[in-house]
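Under the UniProt record's numbering, the residue at position 6 of the sequence shown is numbered 43, and the numbers go up by one with no gaps.
Beta carbons are placed, not taken as given, at the ideal position from N, Cα and C, and that holds for glycine.
Treat the numbers as computed from the prediction; the structure is a model and nothing was measured.
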Amino acid sequence: DIESLSDLKKLAVLGIGNGGIVYKVSHQKTNSIYALKLLRLDQNGAFISHQAVREAEILKRVDSQFIVKCHAVFYTLEGGLCFLMKHMEGGSLFDVLRVRGNFPEDVISGIALSVLKALQYLHGMRIIHGDIKPSNLLINGKGEVKIADFGVSRIVEGTPTPCEACMGAYMSPERVDSERWGGGADYDYYDYGFAGDVWSLGVVVLECLVGHYPLIGRGEKPDLVALICAICFGETLEMPETASPEFPSFVKNCLEKDWRKRGSVEELLAHPFVNRTTSSNMII
Ligand code: ATP
Ligand code: MG
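In structure tokens, the structure reads:
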């Protein structure tokens, strides 16, 4: 067991995100490799923001084979917060997609199934991930996909709280424009918070097949206005002619703009697209 940060040696930077820096580290005594995420200060210069505490709280609670394992949470001498996690040797789906271009459907089916199983677990604990996107899906040495980064997640208990995440390309219509797509009187943050994770999965799944962010044209610059229009009003989805019938059916179920009509995690887990009997749907 790792007792203190001084037992760890930084080897490399694995990633730099909005939430902080992730280092590859080694534990001196056992020679084991881990990933260490060091959280950034918030805008007010505070070391431990509200959201950082939330992220730590969620990481301590979750325990699933479909979620990147967090071994320990440390408070640094300077008052900072960091998470010691399992090192995912394959890197993120974002990096792998950049190298590979796209994936065959059977591989995407495996990715979708893993994410759905992770969401089933999280939603069962009333946790909304809130930031499903390729850079937050990590791949281990066996090619298994697990979700990471609970930097904008929240636990729904008691009064629903609005989500603090800023605008992102994988965000659902109801989060981009809650007046148009949220549903006015029967505004129910509980349901559509969870449904937002399903939307994001749909964007990722389609991106894996077409090889670029799929809601706007290839090579188009995704400025904010174009992005918002595409998410809220885009009518057609780029769908390769070679796609199997199950593929568009699955994606359209996830990318249903009205969150009430969108497939639930349970419904999508029963979809034929993620129930293919293939022996090899791992990313290797
Ligand atoms: P962002 O705000 O950009 O979504 P973040 O700052 O919240 O990101 P993470 O998403 O947790 O941070 O990690 C950033 C990147 O670091 C990941 O996209 C991935 O490339 C790398 N990374 C994070 N955790 C691990 C891990 N356990 N193993 C390997 N690489 C990792
Ligand atoms: Mg991230």
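Chain-ordered residues, beta carbon under 6 Å from a heavy atom of ligand 2: GLY54, SER172, ASN173, ASP186
Proximity of CYS107 and LEU114 at Cβ, strictly below 8 Å: Numbered from 1 along the sequence shown, position 70 holds the residue referred to as residue 107. Numbered from 1 along the sequence shown, position 77 holds the residue referred to as residue 114. Cβ distance not < 8 Å, so CYS107 and LEU114 don't count as in contact.
Identity of the residue in GLY254, GLU244, PRO210 nearest LYS298 by Cα: Within the sequence shown, residue 298 is the residue found at index 261, counting from 1. Out of GLY254, GLU244, PRO210, PRO210 has the C-alpha closest to the C-alpha of LYS298.
Between the CA atoms of GLY56 and GLY188 - distance to the nearest angstrom: As a position in the sequence shown, residue 188 is number 151, starting the count at 1. As a position in the sequence shown, residue 56 is number 19, starting the count at 1. Taking the straight line from one Cα to the other gives about 6 Å.
Continuous beta strand (DSSP E) stretch holding LEU48: start and end: On the sequence shown, residue 48 is found 11 positions in, with the first residue counted as 1. Counting along the chain, the beta strand (DSSP E) containing LEU48 begins and ends at 45-53.
Cβ contact (3+ pairs, closer than 8 Å) linking the stretch 232-246 and the stretch 288-307: yes
Contacts around VAL288, its chain only, beta-carbon distance under 7 Å, and the 5 residues preceding and following it disregarded: Along the sequence shown, read from residue 1 onward, the residue named residue 288 stands at position 251. Cβ neighbours of VAL288 beyond the five flanking positions: GLY239, VAL242, LEU243, LEU274.
ALA263: first and last residue of the uninterrupted alpha helix (DSSP H) it sits in: The residue you call residue 263 lines up with position 226 of the sequence shown. Start and end: 261-270.
Enclosing beta strand (DSSP E) for ILE176 [first to last residue]: As a position in the sequence shown, residue 176 is number 139, starting the count at 1. From DSSP, the beta strand (DSSP E) with ILE176 extends over 174-176.
Neighbourhood of GLU201 by C-beta distance below 8 Å, restricted to the same chain and skipping five residues each side: Here residue 201 refers to the residue found at position 164 of the sequence shown. Low confidence applies here, because GLU201 scores a pLDDT of 48, under 50, leaving its location unreliable; read the following figure in that light. Within the same chain, GLU201 has close Cβ partners GLN88, VAL189.
Buried versus exposed, by CB contacts within 10 Å (16 or more), LYS167: The sequence position of residue 167 within the sequence shown is 130, counting from 1. Looking at the sequence itself, residue 167 is Gly, so the reference to Lys does not match. When all chains shown are included, GLY167 counts as buried.
Anticipated Cβ contact below 8 Å, TYR71 with LEU121, distance rounded: Position 34 of the sequence shown, counting from 1, holds the residue named residue 71. Position 84 of the sequence shown, counting from 1, holds the residue named residue 121. Right, their Cβ atoms sit about 5 Å apart.
Residues near MET208 in its chain [Cβ-Cβ closer than 8 Å; skip 5 each side]: Taking the first residue of the sequence shown as 1, we reach residue 208 at position 171. Cβ neighbours of MET208 beyond the five flanking positions: ALA202, GLY233, TRP236, SER237, ILE268.
Sufficient close CB pairs (3 or more, under 8 Å) joining the stretch 59-69 to the stretch 152-164: no
C-alpha gap between GLU283 and ALA307, whole angstroms: Against the sequence shown, residue 283 aligns to sequence position 246. Against the sequence shown, residue 307 aligns to sequence position 270. Approximately 12 Å, taken between the alpha carbons.
Own chain, CB closer than 8 Å to PHE140, minus 5 neighbours either side, in chain order: As a working mapping, residue 140 is identified with position 103 in the sequence shown. Excluding sequence neighbours, PHE140 sits near LEU134, ILE148, CYS245, LEU246, ILE320.
Beta carbon of ARG191 nearer than 8 Å to that of ARG98: The sequence position of residue 191 within the sequence shown is 154, counting from 1. The sequence position of residue 98 within the sequence shown is 61, counting from 1. Their beta carbons are not under 8 Å apart, which means ARG191 does not touch ARG98 by this criterion.
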